[in-house]
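Reviewing the structure listed below.
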Amino acid sequence: MSRAERRTNAVRDQGAESGLFRAAMDKIRGSHSLGQSLRTAALAAGLMSDAQCYAELLAQFYLATAALEARLAATQPATAPMAAAVRAACGYSFTEGYEADLASLLGPEWRKAVAERLTTEPARRYV
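Here it is in structure tokens:
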């Protein structure tokens with residue numbers, strides 16, 4: 416098993432044994448592995464070693480993740496039972512991790528940088 420596969424399994428195993436998170440991770444394993452391979456290729460090409468380039472990539476993930484997690488947090492079981500169930504079953508948050516990484520890469524004005532110059536138009540439309 417490769418190092419990337421071990422890391423993916425470690426994240427997967429944070430979910431409940433018969434839970435939604437593990438099931439979702441198992442379902443996306445192939446595409447996730449492809450994404451990891453692309454990330455490794457980008458790193459080898461030097462793209463991910465550039466802090467600005469890496470910050471641009473993280474900004475896109477941050478925008479989508481923050482929007483999803485905010486929507487899940489706002490759900491009410493009576494009006495959106497499936498979304499509320501997903502929120503209750505998963506119980507995790509990636510937004511704070513992205514925020515810490517972006518602050519480390521871009522400094523205290525990271526939110527302004529993300530909003531004004533790092534977020535692509537397709538990412539804005541997506542959320």
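For the sequence shown, the positions run 416 to 542 when my numbering is used. The C-beta atom is built at its ideal place from N, Cα and C for all residues, glycine as well.
Item	Value
DSSP-derived helix/strand/coil call for PHE476	helix
Cβ-based burial, VAL529 [other Cβ within 10 Å; buried from 16]	buried
Nearest neighbour of TYR469, chosen from ARG486, ALA500, SER519, ARG539 [CA to CA]	SER519
Straight-line Cα distance separating ASP516 from MET497	31 Å
Given 8 Å, three or more beta-carbon pairs between the segment 477 to 488 and the segment 502 to 512	yes
Within 9 Å, strictly: CB atoms of GLY430 and ARG421	no
Proximal residues to PRO492 (C-beta, below 7 Å), its chain only, five neighbours per side dropped	ALA499
ALA474 classed as buried or exposed, judged by whether at least 16 other C-beta atoms fall within 10 angstroms	buried
Minimum length 4: unbroken alpha helix (DSSP H) runs contained in the segment 491 to 538	496 to 505, 510 to 521, 525 to 528
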